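Sequence order for the protein chains is A and B.
The first sequence begins at 1 in full-length UniProt numbering and counts up by one.
The second sequence begins at 1 in full-length UniProt numbering and counts up by one.
There are 2 protein chains.
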Amino acid sequence: MGNREALIQGAKQCLTERGWARTTVRDIATAAGVNHAAIGYHFGSRESLLIHALVEAVEELSEAVSERARGGSPEERWQALIDTFGTHRPLWIAQLEAAVQAEHSPELRERLALAQRQGRAGLGGSVPLAVLSGLMLQWLIDPAEAPDGAQVALELHAQSTADFHARSREA
Amino acid sequence: MGNREALIQGAKQCLTERGWARTTVRDIATAAGVNHAAIGYHFGSRESLLIHALVEAVEELSEAVSERARGGSPEERWQALIDTFGTHRPLWIAQLEAAVQAEHSPELRERLALAQRQGRAGLGGSVPLAVLSGLMLQWLIDPAEAPDGAQVALELHAQSTADFHARSREA
DNA sequence: ATCCGGTCAAACCAAATGGATAAACCTGCC
DNA sequence: GGCAGGTTTATCCATTTGGTTTGACCGGAT
Numbered sequence: 001m002g003n004r005e006a007l008i009q010g011a012k013q014c015l016t017e018r019g020w021a022r023t024t025v026r027d028i029a030t031a032a033g034v035n036h037a038a039i040g041y042h043f044g045s046r047e048s049l050l051i052h053a054l055v056e057a058v059e060e061l062s063e064a065v066s067e068r069a070r071g072g073s074p075e076e077r078w079q080a081l082i083d084t085f086g087t088h089r090p091l092w093i094a095q096l097e098a099a100v101q102a103e104h105s106p107e108l109r110e111r112l113a114l115a116q117r118q119g120r121a122g123l124g125g126s127v128p129l130a131v132l133s134g135l136m137l138q139w140l141i142d143p144a145e146a147p148d149g150a151q152v153a154l155e156l157h158a159q160s161t162a163d164f165h166a167r168s169r170e171a
Numbered sequence: 001m002g003n004r005e006a007l008i009q010g011a012k013q014c015l016t017e018r019g020w021a022r023t024t025v026r027d028i029a030t031a032a033g034v035n036h037a038a039i040g041y042h043f044g045s046r047e048s049l050l051i052h053a054l055v056e057a058v059e060e061l062s063e064a065v066s067e068r069a070r071g072g073s074p075e076e077r078w079q080a081l082i083d084t085f086g087t088h089r090p091l092w093i094a095q096l097e098a099a100v101q102a103e104h105s106p107e108l109r110e111r112l113a114l115a116q117r118q119g120r121a122g123l124g125g126s127v128p129l130a131v132l133s134g135l136m137l138q139w140l141i142d143p144a145e146a147p148d149g150a151q152v153a154l155e156l157h158a159q160s161t162a163d164f165h166a167r168s169r170e171a
């Protein structure tokens with residue numbers, strides 16, 4: 001593995017362990033087992049490297065999610081997706097960090113917008129994608145209170161009923 | 001307004017304009033019209049101030065959301081909630097930043113977990129909360145592609161039908 | 001063997017950063 | 001007036017930071 005690849009790996013590791021704000025060029029270089037001057041050589045700047053790392057992580061996550069988006073009952077599918085919060089935790093954290101940094105980097109925002117369109121296509125709508133990323137937020141903050149696949153499937157099913165009730169109440 | 005309050009306001013402003021990673025003590029002090037030594041005096045450290053600011057923002061957002069979570073048809077309610085992405089954009093950005101920083105601050109995570117429980121109660125379940133925060137992510141990254149209230153209500157309703165189809169396909 | 005482009009690392013640097021210090025500044029009270 | 005409390009500011013400081021420079025290194029082509 002060349003230094004360039006090692007740096008991206010190290011950056012991904014630092015992003016999940018310390019987050020963008022707390023990651024220094026020396027942290028990344030140490031994690032990668034490389035001199036920190038290599039960052040300037042290969043990427044020009046710390047920010048550029050971090051964005052590269054985030055983009056790569058987001059793409060990996062996209063793939064992992066789309067693999068689990070099809071097959072089985074809704075409950076099973078939701079559970080499989082929810083399980084990725086644990087199995088792919090670093091990628092999900094990167095995804096979250098990417099969303100934050102996208103507010104300050106048009107390039108990153110563009111990449112995320114693309115991944116989002118793919119996500120909508122893979123999951124079959126804006127709402128399933130919203131549910132998935134929203135559940136991720138809940139799971140990261142308080143896994144004990146986050147719902148499982150059965151609960152999600154149940155609530156989604158109950159939603160149309162609730163809607164109906166709300167409509168009639170409104171009349 | 002005392003310096004302490006001014007600092008929290010300035011911190012909130014910096015958090016939305018530059019994000020946690022790019023906000024320095026001097027940025028905050030300038031935004032607040034205050035000497036940056038006041039941060040040490042009132043909060044002890046930059047991090048402590050930023051966390052205070054995030055917590056305050058999250059609480060403001062909680063309130064704004066719960067005000068709009070009731071009344072009207074589902075479509076109207078969803079639209080009212082989606083509208084807050086624009087009207088309360090700074091607070092939503094703070095919420096997102098808070099979720100990221102919660103990974104590195106147990107205190108902040110605790111506060112967010114509380115707000116999350118309130119959110120579930122106010123919106124009537126884990127899934128509505130997930131939908132709302134997931135939509136926020138979509139809207140921040142690509143407002144043009146994010147769905148409106150009608151679309152969300154429609155997809156939510158269609159969800160149970162889709163579930164049914166999936167179940168029968170599975171058999 | 002030598003040259004050469006690309007890669008790497010040790011040392012260096014200026015600037016920025018978070019925080020500490022200590023002196024001024026109020027404001028209410030005796 | 002003058003004292004005492006908390007508050008605010010100007011200034012200082014050590015450290016960290018991102019980035020650059022310079023020379024070594026390496027593999028392949030000549």
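Beta carbons: idealized from backbone N, C-alpha and C, even for Gly.
Small disclaimer: the values here were computed from a predicted structure and weren't measured.
query: Taking buried to mean at least 16 other C-beta atoms within 10 Å of its own C-beta, is residue 1(A) buried or exposed?; result: exposed
query: So, helix, strand or coil for residue 44(B), using DSSP?; result: coil
query: Looking at the C-beta of residue 100(A), does it have a partner C-beta in chain B at a distance below 7 Å?; result: yes
query: Which residues mark the beginning and the end of the alpha helix (DSSP H) in which residue 106(B) is found?; result: 106-123
query: Could you list the residues in the region 121-135 of chain A with a C-beta less than 9 Å from some C-beta on chain B, going in chain order?; result: 124, 125, 126, 127, 128, 129, 130, 131, 132, 133, 134, 135
query: Could you check where the alpha helix (DSSP H) with residue 126(B) kicks off and where it finishes?; result: 126-141
query: What do you reckon, are the CB atoms on residue 81(A) and residue 89(A) nearer than 7 Å?; result: no
query: Classify residue 10(B) as buried or exposed, calling it buried when 16 or more other Cβ atoms lie within 10 Å of its own Cβ.; result: buried
query: Note down, in chain order, each residue of its chain lying with its Cβ closer than 6 Å to the Cβ of residue 122(A), except the 5 sequence neighbours on either side.; result: 66, 69
query: Which of the three DSSP states is assigned to residue 148(B) in this structure?; result: coil
query: Find out if the Cβ-Cβ distance for the pair residue 102(B), residue 93(A) is shorter than 7 Å.; result: no
query: Can the beta-carbon of residue 227(B) be found closer than 7 Å to that of residue 91(B)?; result: No information on residue 227(B) is available, as it lies outside the stretch 1 to 171 that chain B covers here.
query: Who are the neighbours of residue 13(A) on chain B, taking C-beta pairs under 7 Å?; result: Within chain B, no residue comes near residue 13(A); the closest Cβ sits about 14 Å away, beyond 7 Å.
query: Along the chain, where does the alpha helix (DSSP H) that runs through residue 32(B) open and close?; result: 25-32
query: DSSP on residue 169(B), reduced to helix/strand/coil?; result: With a pLDDT of 43 at residue 169(B), under the threshold of 50, the modelled position of this residue cannot be trusted; read the value that follows with caution. Helix at residue 169(B).
query: Can you grab the Cα-Cα spacing for the pair residue 135(A) / residue 51(A), in whole Å?; result: 25 Å
query: Could you tell me whether the Cβ of residue 170(A) comes closer than 7 Å to any Cβ of chain B?; result: Summary for residue 170(A): the model assigns pLDDT 42, below 50, so the residue's position carries little reliability, and this model does not support an answer.
query: What do you get for residue 107(A), buried or exposed, if any count of 16 or more other CB atoms within 10 angstroms of its CB means buried?; result: exposed
query: Is the shortest distance between the beta-carbon of residue 52(A) and the beta-carbons of chain B less than 7 Å?; result: no
query: Would you say the beta carbon of residue 151(A) comes nearer than 6 Å to a heavy atom of the ligand COA?; result: Ligands in the displayed structure: none, and consequently the ligand COA is not present.
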